[in-house]
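Quick note on my numbering: the sequence shown kicks off at -2 and runs consecutively.
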Amino acid sequence: MRMGQLLIDREQLTTDQLATALQSANGDALAFAEFVLQRFRASREELATAIAEVWGVVAADTKRVEFDPAIAALVTEQTARQNCVIPIAEDGGSIVMLSADPSPQRREIVGRLLDKPVKWMSADPQTIRTFIDRSYRADADIDRLVQAFESTDDMERLAKTAAEVSTDDQAPIVQLVTRIVSQAMRDRTSDIHVEPMDTHLRIRFRIDGHLVEAFNLPIGVHAALSSRLKIMSGMNIVEKRRPQDGQFSMTIDGKDVDVRVGSVATVWGEKIVMRILDKSRSSIGLNQLGFPRETYLHYSKMIHSPFGMVICAGPTGAGKTTTLYASLLEINSAGKNVTTVEDPVEYVFPGINQIQTNAQAGLTFATGLKAILRQDPDVILVGEIRDADTARIAIQSALTGHFVLSSLHGTDSVAALHRFLDMGIEAFLIASSVVGVIGQRLLRRICDSCKEPYTPGADELAVFRQHSGGSDKGTFYRGAGCNYCAGTGYRDRIGVYELLRITPELRRLIVGWATTEELRRLAVAQGMRTMLREAMALVENDVTTIPEVVKTLFAS
């Protein structure tokens, strides 16, 4: 395959990687391009150039592409997604078309749908799919659905009968929910906030850990939208004062997603937050989390201990659940009885016994743990240690021949140990049971498409030099902001970790009620690299920026 040889020549693939990609693609050029991007992280620019050379077209400068919805509408969203193409402009009576596979067959398929000649340009499939997501946004559909909803004469009557309206698949409010969740998925959203304000209904998406405003809707749709979401989630639509929780499932763009829903009353009405759980992310392996090699080797050995406890520490949204699930997948086998107690069960795994807490039925973390101990477990995962009872039972489990994994809210790995002390757990029990603690955060990655060199200010340089072990770096990078990252300069996130291994010397300090500073000082002296140091290593390797590290970690 000529494209594969070009990528080898450009040092984007090895011969073995090419063979793997060809086998996976099975002769499909588009599938080949997507595989080498996702599996082997080939450069998007180099791939676009190779595509252009193979098919005799020009590689587009996608950083400067301007979107025109009227031009994009010349082909349907279905055609664009199926063929990985998008029209971006008109040039002298021709339509300029970006394509990840401008082969004669693909040109003929798309060309038949247009009444103008087409000027073909190449781009990589990831960039084109991002452009498709942005060009065919749900905004226009949402405006149309809101107008259809508001055209009803009696808005008050419609709100009162929202339950009936919400069960009609063709009702505007039903389609509105689908459009909002679909757009959130395409924008890589983790949480959707539906917030009633004084004069409007605000919809916000949390993308890469940051909230961004997505839509503003008329306040009149709030009652029906809330009722629809409650019905889908199995919640009581009549109850509007007490907080409620629920869950529903959808298929978006061929992906199965679970959506966790929570409601709470505010002064302007019920606020609803939806957490999107993409099932395709549930199979992330331990080696895909971004651990430095030494940390990965130590942590992998640690979680294969026959007994003891490993704690994952960090604030909400730091990726603790992902790390715990990846750890379970690493150690699960047919010869082990792996049982979890979670609130809630976010992803379901074959071969693992997962228990959902239920406060109304008296099933808490503590009571669930007691029940698990009567189930002959080898490995126990406790979703979160929130109180002294759960902590005490988990520690006793670790001391009686079971391996326990759990998470704990804490600023870093050392602070997590002191959380146990704050709960009233005896220091000698902590020292005897805990094998290690991994602290973590998530940092935004610099967007590869608009990465540019820059000169940091004096304050940034001072922070870098202080926490990078005295490293001196010649060139620093940041994202300028482009179409691919929606102007933020960042796209996707990476974990940053610190692994605290409990050595005999640390055990003696813990039993002696040493301070966090004393524990941290000894851990660093014994080779622990702090999260700040690891984060600065990511800056050194041009993965993230100093401002992102300061914003996310510096308070720690």
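Note that the Cβ used here is the ideal one computed from N, Cα and C, for glycine as well.
Computed from a predicted model, the values in this text were never measured in an experiment.
N- and C-terminal bounds of the beta strand (DSSP E) containing residue i
i: I200; result: H197 to I204
i: L506; result: From DSSP, L506 is part of no beta strand (DSSP E) but of the alpha helix (DSSP H) over P501 to V508.
i: I281; result: Segment: none, I281 is in no beta strand (DSSP E) and carries neither H nor E.
i: A262; result: K252 to T263
i: I422; result: Per DSSP, I422 belongs to no beta strand (DSSP E) and is neither H nor E.
i: N92; result: Correcting the residue type first, residue 92 is Ile in the shown sequence and not Asn. S91 to S96 is the span of the beta strand (DSSP E), which, as asked, contains I92.
i: L567; result: Coverage of the chain is limited to positions -2 through 553, which leaves residue 567 absent and any answer about it impossible.
i: V115; result: V115 to S119
i: V557; result: Because the chain spans -2 through 553 in this model, residue 557 falls outside it and cannot be assessed.
i: A310; result: G305 to A310
i: Q35; result: From DSSP, Q35 is part of no beta strand (DSSP E) but of the alpha helix (DSSP H) over A26 to F37.
i: I352; result: N350 to Q353
Residue i and residue j closer than 8 Å at C-beta
i: V379; j: A391; result: yes
i: Q244; j: V256; result: yes
i: F128; j: I83; result: yes
i: I443; j: T549; result: no
i: I555; j: A86; result: Nothing can be reported for residue 555, as the shown portion of the chain is limited to -2 through 553.
i: K554; j: V191; result: Nothing about residue 554 can be read from this structure; the chain reaches only from -2 to 553.
i: V335; j: V432; result: no
i: A323; j: I349; result: no
i: Q180; j: A145; result: no
i: A520; j: L535; result: no
i: I369; j: A428; result: no
i: T320; j: Q437; result: yes
i: F400; j: P303; result: yes
i: A310; j: V493; result: no
i: D121; j: L44; result: yes
i: V338; j: F362; result: yes
i: I422; j: A385; result: yes
Three-way DSSP call (helix, strand, coil) for residue i in this model
i: D130; result: helix
i: E8; result: coil
i: L294; result: helix
i: I300; result: coil
i: H219; result: helix
i: A412; result: helix
i: V55; result: strand
i: K237; result: coil
i: R104; result: helix
i: T542; result: coil
i: G492; result: strand
i: D65; result: coil
i: D13; result: helix
i: G1; result: helix
i: V345; result: coil
i: I48; result: helix
i: S88; result: In the sequence under discussion, the amino acid at residue 88 is Asp, which differs from the Ser named in the question. Of the three classes helix, strand and coil, the one that applies to D88 here is strand, per DSSP.
i: V526; result: In the sequence as displayed, the identity of residue 526 is Arg instead of Val. It is coil, neither helix nor strand.
Residues bridged to residue i (per DSSP)
i: L535; result: Partner(s): none; L535 has no beta bridge.
i: Y474; result: P450
i: H190; result: R201 and V270
i: Y487; result: I443
i: S246; result: D255
i: E210; result: R201
7 Å CB neighbourhood of residue i in its chain, flanking five on each side removed
i: P289; result: E531
i: S277; result: K252
i: T186; result: F202, R203, I204 and I273
i: E537; result: S465, S468 and K470
i: A39; result: L4, Q9, L10 and V33
i: V275; result: The sequence shown places Asp at residue 275, not Val. Contacts found: K252 and V254.
i: S554; result: Coverage of the chain is limited to positions -2 through 553, which leaves residue 554 absent and any answer about it impossible.
i: S132; result: F64, P66, A69 and I83
Same chain, Cβ closer than 6 Å to residue i, five either side skipped, listed in chain order
i: D539; result: Y474
i: Q14; result: F37
i: M271; result: I189, V256 and V258
i: R(-1); result: V51
i: V209; result: F202
Where the alpha helix (DSSP H) through residue i begins and ends
i: N80; result: E74 to N80
i: D456; result: A455 to H464
i: K367; result: F362 to I369
i: M182; result: P169 to R183
i: L378; result: L378 -> not in any alpha helix (DSSP H); beta strand (DSSP E) instead, spanning V376 to V379.
i: I392; result: A385 to L396
i: R517; result: T513 to A522
Beta-carbon contacts of residue i that lie in its chain and below 8 Å, excluding the five residues immediately before and after
i: N213; result: H197, L198, R199 and I200
i: P215; result: V143, E147, H197 and L198
i: A18; result: G1, L10, F29, F32, V33, R36 and F37
i: K116; result: D88, S91, I92, V93 and M94
i: D250; result: R78, S179, M182 and R183
heavy atom of the ligand ADP below 7 Å from residue i C-beta
i: G348; result: Summarising the ligand content, the structure contains no ligands, and the ligand ADP is consequently not present.
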